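**Student:**
2 protein chains.
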Amino acid sequence: MPRRTLPTAEDQAARFVRQREADRKATAEDYVELIADLLREEGEARAVDLARRMGVSQATVTATVGRLQRDGLVETKPYRGLFLTAAGTALAAEAKARHDLVVRFLIAVGLDAGTAEQDAEGIEHHASDKALTAFARFLSERGDTT
Amino acid sequence: MPRRTLPTAEDQAARFVRQREADRKATAEDYVELIADLLREEGEARAVDLARRMGVSQATVTATVGRLQRDGLVETKPYRGLFLTAAGTALAAEAKARHDLVVRFLIAVGLDAGTAEQDAEGIEHHASDKALTAFARFLSERGDTT
DNA sequence: AACACTTCTTAGCCTAGACTAACTTTCGGA
DNA sequence: TCCGAAAGTTAGTCTAGGCTAAGAAGTGTT
Numbered sequence: 073m074p075r076r077t078l079p080t081a082e083d084q085a086a087r088f089v090r091q092r093e094a095d096r097k098a099t100a101e102d103y104v105e106l107i108a109d110l111l112r113e114e115g116e117a118r119a120v121d122l123a124r125r126m127g128v129s130q131a132t133v134t135a136t137v138g139r140l141q142r143d144g145l146v147e148t149k150p151y152r153g154l155f156l157t158a159a160g161t162a163l164a165a166e167a168k169a170r171h172d173l174v175v176r177f178l179i180a181v182g183l184d185a186g187t188a189e190q191d192a193e194g195i196e197h198h199a200s201d202k203a204l205t206a207f208a209r210f211l212s213e214r215g216d217t218t
Numbered sequence: 073m074p075r076r077t078l079p080t081a082e083d084q085a086a087r088f089v090r091q092r093e094a095d096r097k098a099t100a101e102d103y104v105e106l107i108a109d110l111l112r113e114e115g116e117a118r119a120v121d122l123a124r125r126m127g128v129s130q131a132t133v134t135a136t137v138g139r140l141q142r143d144g145l146v147e148t149k150p151y152r153g154l155f156l157t158a159a160g161t162a163l164a165a166e167a168k169a170r171h172d173l174v175v176r177f178l179i180a181v182g183l184d185a186g187t188a189e190q191d192a193e194g195i196e197h198h199a200s201d202k203a204l205t206a207f208a209r210f211l212s213e214r215g216d217t218t
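Chains S and Z, in that order, are what the protein sequence lines are. Following the numbering used here, the numbering of the first sequence begins with 73 at its first residue and continues without gaps. Following the numbering used here, the numbering of the second sequence begins with 73 at its first residue and continues without gaps.
#1: Contact criterion: CB-CB distance below 8 Å. Does Arg214 (chain S) meet it with respect to chain Z?
#2: What does a CB cutoff of less than 8 Å around Arg92 (chain Z) pick up in its chain, not counting 5 residues either side in sequence?
#3: Cα-Cα, which of Z:Gly194, Z:Glu116, Z:Ala192, Z:Val181 is closest to Ser212 (chain Z)?
#4: Find the nearest neighbour of Tyr103 (chain S) within the set Z:Phe88, Z:Thr157, Z:Ser200, judged by alpha-carbon distance.
#5: Could you tell me which chain Z residues have their CB closer than 8 Å to the CB of Phe88 (chain S), listed as they occur along the chain?
#6: Checking the sheet assignment: what are the DSSP bridge partners for Glu147 (chain Z)?
#7: Starting from Gly186 (chain Z), trace the alpha helix (DSSP H) both ways and give me its first and last residue.
#8: Answer yes or no: does any C-beta atom of chain S fall closer than 8 Å to that of Arg139 (chain Z)?
#9: Check whether the region 123–134 of chain Z and the region 165–176 of chain Z touch, using three or more Cβ-Cβ pairs below 8 Å as the test.
#10: Any beta carbon from chain Z within less than 8 Å of Glu105 (chain S)'s own beta carbon?
#11: At a CB-CB cut-off below 8 Å, which residues of chain S make contact with Leu178 (chain Z)?
#12: Under 8 Å between beta-carbons, which chain S residues line up against Glu113 (chain Z)? List them in chain order, please.
#13: Taking C-beta pairs closer than 7 Å, name the residues in chain Z that Asp109 (chain S) reaches, listed in chain order.
#14: Along chain Z, which residues have their Cβ under 7 Å away from the Cβ of Thr187 (chain S)?
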């Protein structure tokens, strides 16, 4: 039974603070990941498609992309599609690798593909490097090389 | 290799929408879980302790607790600590059960206890019932009854 | 009983992320 | 060519969740 006693206030606070940092990064990761997917699969990433796939209004996409641009992850040519900077491309690649690993891991422990995709969407942003390493080890021990 | 092709826009949007719903519930769950822990371990849950353990200012706790109260999860007696309503108690119990299960699962797949606690903090809010069932089955197959 | 200390609240501010409505720009078809 | 539909932007609003600074309300000690 974990947590029979409370952690120290400092430890617990540190966990929540790190948690909130991960939450802040999550949107950026989801956007660049989706932009990268669209560029790869469709050849271009339009704001209107992002809006449709994120389940959000176009105005929200404009605002969010503005923040991504400010943060050096995305480049836009007005009325053209969206492009990733080097930093954005790197972040997208990381995010995709994490995402795919989490999906494969969840399937390996018994989830159906659809649920694995859904849950991975949230979990991928909160799994530490140590956790990802553990997941990868688990998969390789099972001989899973999908 | 999962996600060779993109999901339909509708499916993907539905996933992100559910994701955002989970995000909104996460704060409430963290607070009631912590309040329940404090009540159990210390006999009372003061705003000042919540602030310390959440890594947040007291003013933020006041505001957040106000929202929890509005949502019928918490009751306050000014200068007397915080109490959970029936709904709050139920939510806290669920949250704790999920949290503990995720921690045990992460340890079972090879994480150290500290990292498991940290990662569980984020993952517990994003694991579906199906995922939790799969985690529980995994543990019982391993004969883990910790 | 009074004072100092702690706790809590209030006021004012900020950012992210969401919305609708209205406007502008681009592109494709008649 | 021009004109309407689609795409994108802008303006204004909202909520959650953070912050600091300042003030009010208990609590405990002497």
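Positions of the beta carbon are idealized from the N, C-alpha and C atoms, including for glycine. Here the structure is a predicted model, which is why all the values come from computation and not from measurement.
**Tutor:** Quick answer:
#1: On the first sequence, residue 214 (chain S) is found 142 positions in, with the first residue counted as 1. With 8 Å as the cut-off, Arg214 (chain S) does not count as an interface residue toward chain Z.
#2: In the second sequence, the residue the question calls residue 92 (chain Z) occupies position 20. Counting only Cβ-Cβ distances below 8 Å, and skipping sequence neighbours, we find nothing.
#3: Numbered from its first residue, the second sequence carries residue 212 (chain Z) at position 140. Ser212 (chain Z) has its Cα closest to that of Z:Val181, out of Z:Gly194, Z:Glu116, Z:Ala192, Z:Val181.
#4: Taking the first residue of the first sequence as position 1, residue 103 (chain S) is located at position 31. Measuring from the Cα of Tyr103 (chain S), the nearest candidate turns out to be Z:Phe88.
#5: Here residue 88 (chain S) refers to the residue found at position 16 when the first sequence is read from its first residue. Those within 8 Å of Phe88 (chain S) in chain Z are Asp102, Arg125, Met126, Gly127, Val128, Glu193.
#6: Taking the first residue of the second sequence as position 1, residue 147 (chain Z) is located at position 75. Paired residues: Z:Phe155.
#7: Locating residue 186 (chain Z) in the second sequence gives position 114, counting from the first residue. Per DSSP, Gly186 (chain Z) belongs to the alpha helix (DSSP H) from 185–195.
#8: Looking up residue 139 (chain Z) in the second sequence gives position 67. For Arg139 (chain Z), the answer is no, since every Cβ of chain S falls outside 8 Å of its Cβ.
#9: no
#10: Taking the first residue of the first sequence as position 1, residue 105 (chain S) is located at position 33. Cβ-Cβ to chain Z under 8 Å: no for Glu105 (chain S).
#11: Here residue 178 (chain Z) refers to the residue found at position 106 of the second sequence. Result: Ala203, Ala206.
#12: For the purposes of this step, residue 113 (chain Z) is identified with residue 41 of the second sequence, where counting begins at 1. Going along chain S in sequence order, the residues near Glu113 (chain Z) (Cβ under 8 Å) are Thr77, Leu78.
#13: Numbered from its first residue, the first sequence carries residue 109 (chain S) at position 37. Result: Leu78.
#14: As a position in the first sequence, residue 187 (chain S) is number 115, starting the count at 1. Residues of chain Z passing the Cβ test: Ser200, Lys202, Ala203.
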